[in-house]
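Numbering (UniProt numbering), first residue to last: 1 to 714.
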């Protein structure tokens, strides 16, 4: 990342330009930010290309179709202007390392990581092809490894597979070593060409070099067309066979992306939506890249920070909706004394106790009793707000790359644009006493439809219905990768491909589940039994294929609502509203230990908890904050809280923060109180009920209908 230079644009449409990211064959790439604070990568086309009318026509068609690409392993195209003096396009900015950088700096990836990468890239290619697009330049530099996993980027030179050719005959667009033979020899590229590039990228990931070696461009192109690929250095025989199939000279002999995934059944069960599958040195480098500050701009501009993509208050997701803001909102940030950086009074009054504060796409989304709003976390200014909404009846929130989804009290499923807050689309599904939150997977948002006994998937971008699956039970779906899992009326747990609606697998439950499904890493947990009885069964299944992993019987009452699940590398932690914390071995389901939390107030909901290396922190909701040793279940320390403290603790900047009568911060190792804000005779009690943290700042909403920002340390 470099500072802007004289002559660089400072704004493109609604995007403020902050820094330079790089330069490629088609243009320069800049870091920008949307009005809502969302970071974007903007490719500005070179002037010599912009002067070519044929290029503009191709660019227009390609970007229009590329905007239809959706998928968890791709970076979405957000906006483009082919008619600008210099055409440009904006995509989601994903901080991280390219595969080229990661392998160049830290060496080839281990086989297990390459298998996971292959599954993610195959899914990305499938998503691109499903939109009728051919990428045409899939290479290590266009594979990004970020905090959310692997993403395929740069659709700037993609071309619709079913469009008439616009390029000049024989023109080659792409990167030597990763171009397919038919692309080199005939200037044609179809879906099979991207599969060829996929195979070449996997060879690079395994060996640090492409399958056709190094040297002059002419020599590499000649080897690609006339010589077999060099696969001797690929250490994994399965990966070697997959690469060989993808690199077949005849496009008809190459596998489809789905067939690549089918050959990697073990990797298909990996949780690829993070960095656990990557080597630790690569993970550290990804983290360091994400912490890089934006270079100081030229004096005429203020410095801006890159907002974090998504954070959730208390580890849970709340109900939020959006509408367009106006600049003359009556709610303006106050400037109270002391450590509070800013305070704003919120439309809608007191914020919901449960799931009322979320950070999404660099904005604070706040759910009040009769309204919801988006607040700029830097200045405390309300950016948009929707009044007169009965938010207390909204069950939950979900999101995709550029949409928010929620079920409203009037029975609608509504999608809102993250950047502007405008309603993008809605469907009237009908009213129900309990509406499970939507599940987002494979570019679709999946919801149960009341009265129809169906799970229906809508396209996340357009709202078009994709598919329906019948015979639902009372509990809603859970998403894992591109699979949507839900229990049906025949006591089966079903995994559905979110893209096609095809049933991928089903597994016997034997009895109906008594509470919503839980996701713990790569596992889906179902709890069966009769509510109020003294025993229940916990069943664990692999989310990718439905394979039963373990089954555990436990003598503790099951509740219709009261279970919260967390997981680390070794253990699944479950806490019930009855006040008993259970630790189960993640591999076998064996009960490792239990810890009594005591009688829990408001026992419909379980006490909130978070897990950190070696420790688990729980707000018991009976006036105690408890730290438990995760190795043996031993209590490490306890601290008294106000009896009305209900929110979850948050770890930030080496301290454990929680809403008490004020805002209390503890040393997580010893339990020593380090700081308390707003809970003594010198200041008005702030009574924070919702809490989240980002970038050295704690954000908390209180019973007075106010949102405050305070430093994590002072």
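All C-beta atoms in this analysis are idealised placements derived from N, C-alpha and C, irrespective of residue type, glycine included. Small disclaimer: the values here were computed from a predicted structure and weren't measured.
Residue i: which of the options sits nearest, CA to CA?
{"i": "residue 198", "options": "675, 140, 4", "result": "140"}
{"i": "residue 234", "options": "246, 539, 206", "result": "206"}
{"i": "residue 460", "options": "429, 498, 44", "result": "498"}
{"i": "residue 200", "options": "153, 249, 154, 188", "result": "249"}
{"i": "residue 694", "options": "522, 502, 53, 360", "result": "360"}
{"i": "residue 270", "options": "154, 227, 231, 117", "result": "117"}
{"i": "residue 414", "options": "258, 428, 402", "result": "428"}
{"i": "residue 657", "options": "630, 697, 629, 628", "result": "697"}
{"i": "residue 346", "options": "712, 700, 713", "result": "700"}
{"i": "residue 614", "options": "573, 588, 608, 622", "result": "573"}
{"i": "residue 281", "options": "193, 106, 131, 257", "result": "106"}
Assign residue i to one of three DSSP states: helix, strand, or coil.
{"i": "residue 284", "result": "helix"}
{"i": "residue 518", "result": "strand"}
{"i": "residue 271", "result": "coil"}
{"i": "residue 54", "result": "helix"}
{"i": "residue 106", "result": "helix"}
{"i": "residue 85", "result": "coil"}
{"i": "residue 339", "result": "coil"}
{"i": "residue 242", "result": "helix"}
{"i": "residue 721", "result": "Residue coverage of the chain in this structure runs from 1 to 714, which leaves residue 721 outside it and unanswerable."}
{"i": "residue 641", "result": "coil"}
{"i": "residue 49", "result": "helix"}
{"i": "residue 65", "result": "helix"}
{"i": "residue 513", "result": "strand"}
{"i": "residue 290", "result": "helix"}
{"i": "residue 702", "result": "strand"}
{"i": "residue 428", "result": "strand"}
{"i": "residue 75", "result": "coil"}
{"i": "residue 379", "result": "coil"}
{"i": "residue 684", "result": "No answer about residue 684 holds up, because its pLDDT of 49 lies below 50 and its placement is not dependable."}
{"i": "residue 60", "result": "helix"}
{"i": "residue 138", "result": "coil"}
{"i": "residue 16", "result": "strand"}
Taking the alpha helix (DSSP H) that residue i belongs to, which residues open and close that run?
{"i": "residue 259", "result": "257 to 262"}
{"i": "residue 224", "result": "217 to 226"}
{"i": "residue 528", "result": "Residue 528 -> not in any alpha helix (DSSP H); beta strand (DSSP E) instead, spanning 523 to 528."}
{"i": "residue 182", "result": "181 to 186"}
Considering just the uninterrupted stretch of the beta strand (DSSP E) at residue i, what are its terminal residues?
{"i": "residue 201", "result": "Unbroken run through residue 201 is the alpha helix (DSSP H), 191 to 207; no beta strand (DSSP E)."}
{"i": "residue 123", "result": "Taken as a continuous stretch (DSSP letters only), residue 123 belongs to no beta strand (DSSP E), being part of the alpha helix (DSSP H) at 111 to 130."}
{"i": "residue 711", "result": "706 to 711"}
{"i": "residue 568", "result": "Counting along the chain, residue 568 falls outside any beta strand (DSSP E), and DSSP gives it neither H nor E."}
{"i": "residue 659", "result": "655 to 659"}
{"i": "residue 249", "result": "Segment: none, residue 249 is in no beta strand (DSSP E) and carries neither H nor E."}
{"i": "residue 582", "result": "580 to 585"}
{"i": "residue 398", "result": "397 to 399"}
{"i": "residue 459", "result": "454 to 459"}
{"i": "residue 2", "result": "From DSSP, residue 2 is part of no beta strand (DSSP E); its letter is neither H nor E."}
{"i": "residue 542", "result": "536 to 542"}
{"i": "residue 153", "result": "No beta strand (DSSP E) contains residue 153, which DSSP labels as neither H nor E."}
{"i": "residue 591", "result": "591 to 596"}
{"i": "residue 416", "result": "412 to 417"}
{"i": "residue 467", "result": "465 to 470"}
{"i": "residue 616", "result": "615 to 619"}
{"i": "residue 627", "result": "624 to 629"}
So residue i and residue j are supposed to be a Cβ contact under 8 Å. How far apart are they, rounded?
{"i": "residue 548", "j": "residue 507", "result": "6 Å"}
{"i": "residue 690", "j": "residue 357", "result": "4 Å"}
{"i": "residue 715", "j": "residue 501", "result": "Given a span of 1 to 714 for the chain in the structure shown, any question on residue 715 remains unanswerable."}
{"i": "residue 2", "j": "residue 19", "result": "6 Å"}
{"i": "residue 442", "j": "residue 482", "result": "4 Å"}
{"i": "residue 453", "j": "residue 470", "result": "6 Å"}
{"i": "residue 589", "j": "residue 627", "result": "Not really, about 25 Å apart at Cβ, beyond 8 Å."}
So with Cβ pairs under 8 Å, would you call residue i a contact of chain B?
{"i": "residue 260", "result": "Structure shown: chain B not included; a single protein chain is present."}
Using 8 Å as the threshold, is the C-beta distance between residue i and residue j below it?
{"i": "residue 217", "j": "residue 185", "result": "no"}
{"i": "residue 31", "j": "residue 93", "result": "yes"}
{"i": "residue 87", "j": "residue 56", "result": "yes"}
{"i": "residue 592", "j": "residue 620", "result": "no"}
{"i": "residue 484", "j": "residue 439", "result": "yes"}
{"i": "residue 273", "j": "residue 148", "result": "yes"}
{"i": "residue 48", "j": "residue 33", "result": "no"}
{"i": "residue 96", "j": "residue 376", "result": "no"}
{"i": "residue 63", "j": "residue 40", "result": "no"}
{"i": "residue 239", "j": "residue 111", "result": "yes"}
What I want to know is whether the C-beta of residue i ends up closer than 7 Å to one or more non-hydrogen atoms of the ligand SAM.
{"i": "residue 572", "result": "Ligands displayed in this structure: none; no statement on the ligand SAM is therefore possible."}
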